[in-house]
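Asks: After the structure tokens below, expect a handful of questions from me.
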Amino acid sequence: ERLPALLRAMPKAELHIHIEGSLEPEMIFALAQRNGVSLPYADVQALRSAYAFTDLQSFLDIYYAGASVLLHEQDFYDMARAYLARAAMDNVVRAEIFFDPQTHTARGVSMAAVVNGLHRACEDARAEWGISAALILCFLRHLSEEDAFATLEQALPLQDKFIGVGLDSSEVGHPPEKFARVFARCRQLGLHTVAHAGEEGPPAYIWSALDVLKVERIDHGVQALRDPVLVQRLAQGGVPLTVCPLSNQKLRVFPDLPAHNLPQLLEAGLCATVNSDDPAYFGGYINDNFTQLFAATGMTARHAYQLASNSLQASFAPEADKRAWA
Ligand code: HPA
Ligand code: ZN
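Numbering (my numbering), first residue to last: 4 to 329.
Structure representation (structure tokens):
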């Protein structure tokens with residue numbers, strides 16, 4: 004089959020990957036043992052069989068439980084190194100990696116352990132495999148604005164080790180407006196800004212991510228098609244959407260993969276991209292997302308080139324790197 008081979012071989016950027024969502028059950032158990040953390044699951048098999056999600060929250064509960072085994076800088080390094088090795092095999096030339104510091108600092112882990120471990124893995128990956136990688140700090144939207152500001156303060160001494168901020172966790176009931184002042188401060192600091200919006204939440208949350216938070220990309224954004232004026236705005240502004248097909252299938256944003264609206268997003272002229280979100284939980288890394296989506300929807304090589312080109316264009320990599328990859 005020529006199309007799956009093209010999908011795997013083409014150089015691409017991954018712009019929507021939560022590093023804690025790359026933690027495979029085997030590594031969760033290995034870290035639990037190394038750190039003396041006890042888990043409410045007997046073994047890898049029992050943990051894996053708990054991965055039966057019905058919506059975003061049912062996933063987040065188990066995702067935060069899995070992250071509880073991460074304690075030391077080396078743990079964060081090992082996790083990110085494993086992801087980057089896997090991404091390099093998928094011909095990812097650029098990865099912009101989300102991390103959720105509040106999940107860790109709330110358990111007494113220092114911000115420095117988190118950021119330094121992840122950053123060192125990014126540096127080593129560039130040296131060893133030639134993959135360009137950068138970090139995006141995400142605020143947990145189910146927590147307060149005050150908590151987000153405190154997190155930003157803790158991270159600022161390490162500002163040279165991340166390129167931007169994002170917004171993730173439970174979407175419905177936590178609109179972007181809640182973080183207007185935090186994002187304004189981040190923009191002043193010269194950080195890139197992105198936000199999850201329109202995964203389960205309404206088009207109104209995509210509007211406020213754009214107009215209130217003034218983000219440069221929308222993570223997910225698949226609910227945009229419910230609002231034709233919003234689609235026009237996203238198209239005219241060239242605002243990238245980081246779409247995650249297998250995630251959307253597992254969390255029942257769409258009933259199945261053939262029903263996914265990525266072909267329509269492209270048809271509407273939007274800068275959509277394909278990403279893995281939380282590959283250890285959703286059944287596949289970026290190339291699995293590409294191959295399964297293309298098999299399900301009948302998209303063609305033309306779409307493949309468009310998606311790869313979109314991902315490189317939408318990345319925050321230096322323009323010289325983008326030109327070299329194009
Ligand atoms: N949505 C919101 N929060 C998240 C996700 C997601 O898909 N993955 C990890 N945290
Ligand atoms: Zn996500």
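All C-beta atoms, glycine included, are put in the ideal place defined by N, C-alpha and C.
Residues in the same chain with beta-carbon distance under 6 angstroms from ALA16, minus the five sequence neighbours each way, listed in chain order, please.
Replies: Here residue 16 corresponds to residue number 13 of the sequence shown, with the count starting at 1. Contacts found: ARG97, SER314, LEU315, SER318.
Asks: Is there at least one non-hydrogen atom of ligand 1 closer than 7 angstroms to the beta-carbon of ASP150?
Replies: Within the sequence shown, residue 150 is the residue found at index 147, counting from 1. Result no, Cβ not under 7 angstroms from ligand 1.
Asks: With DSSP collapsed to three states, give me the class of ALA320.
Replies: Looking up residue 320 in the sequence shown gives position 317. ALA320 falls in the coil class under three-state DSSP.
Asks: Under the three-state reduction of DSSP, which class applies to CYS189: helix, strand or coil?
Replies: Within the sequence shown, numbered from 1, the residue matching residue 189 stands at position 186. Under the three-state reduction of DSSP output, CYS189 falls in the helix class.
Asks: Let me have the residue list for ligand 2: C-beta closer than 6 angstroms to any non-hydrogen atom, ordered along the chain.
Replies: Those residues placing their Cβ nearer than 6 angstroms to any heavy atom of ligand 2 are, following chain order, HIS19, HIS21, ASP171, HIS199, ASP222, ASP280.
Asks: Just to confirm my understanding: we take PRO178, look at its own chain, exclude 5 residues before and 5 after, and list those with CB closer than 7 angstroms. What are they?
Replies: Translated into positions along the sequence shown, residue 178 becomes position 175. Contacts found: TYR208, SER211.
Asks: Just curious, the alpha helix (DSSP H) that GLY301 is in, first and last residue?
Replies: In the sequence shown, residue 301 corresponds to position 298, counting from 1. That residue, GLY301, is in no alpha helix (DSSP H); it is neither H nor E in DSSP.
Asks: For TYR66, verify whether its CB is less than 7 angstroms away from any heavy atom of ligand 1.
Replies: Looking up residue 66 in the sequence shown gives position 63. The answer is yes for TYR66.
Asks: Considering only heavy atoms of ligand 1, does any lie closer than 7 angstroms to the CB of GLY224?
Replies: Position 221 of the sequence shown, counting from 1, holds the residue named residue 224. Not so, every heavy atom of ligand 1 lies at least 7 angstroms from the Cβ.
Asks: Can you tell me the Cα-Cα spacing of GLU203 and ASP163, whole angstroms?
Replies: Stepping through the sequence shown from its first residue, residue 203 is reached at position 200. Stepping through the sequence shown from its first residue, residue 163 is reached at position 160. Approximately 33 angstroms, taken between the alpha carbons.
Asks: Would the region 243-257 and the region 268-280 be scored as touching if the rule is three or more Cβ pairs under 8 angstroms?
Replies: yes
Asks: Among the residues of its own chain, which have a CB less than 6 angstroms from the CB of ASP359, if the five just before and after it don't count?
Replies: This structure does not reach residue 359, given that the chain is present from 4 up to 329, and the question cannot be answered.
Asks: Leaving out five residues on either side along the sequence, give the residues of the same chain with a beta carbon under 7 angstroms from the beta carbon of VAL175.
Replies: Against the sequence shown, residue 175 aligns to sequence position 172. Cβ within range, chain order: GLU203, GLY204.
Asks: Among the residues of its own chain, which have a CB less than 7 angstroms from the CB of ALA12, if the five just before and after it don't count?
Replies: Counted from its first residue, the sequence shown places residue 12 at position 9. Once the five neighbours on either side are set aside, the close Cβ partners of ALA12 are ASN94.
Asks: Quick test of your reading: GLU148 and PHE182, contact by CB under 8 angstroms. State the CB separation rounded to the nearest angstrom.
Replies: Residue numbering aside, residue 148 sits at position 145 when the sequence shown is read from its first letter. Residue numbering aside, residue 182 sits at position 179 when the sequence shown is read from its first letter. Confirmed, Cβ separation roughly 6 angstroms.
Asks: Is any heavy atom in ligand 1 found nearer than 7 angstroms to the beta carbon of SER250?
Replies: Here residue 250 corresponds to residue number 247 of the sequence shown, with the count starting at 1. Yes, Cβ of SER250 sits closer than 7 angstroms to a heavy atom of ligand 1.
Asks: Nearest CA to the CA of LEU192: which residue from ASP291, VAL168, VAL215?
Replies: Taking the first residue of the sequence shown as position 1, residue 192 is located at position 189. Nearest option by C-alpha distance: VAL168.
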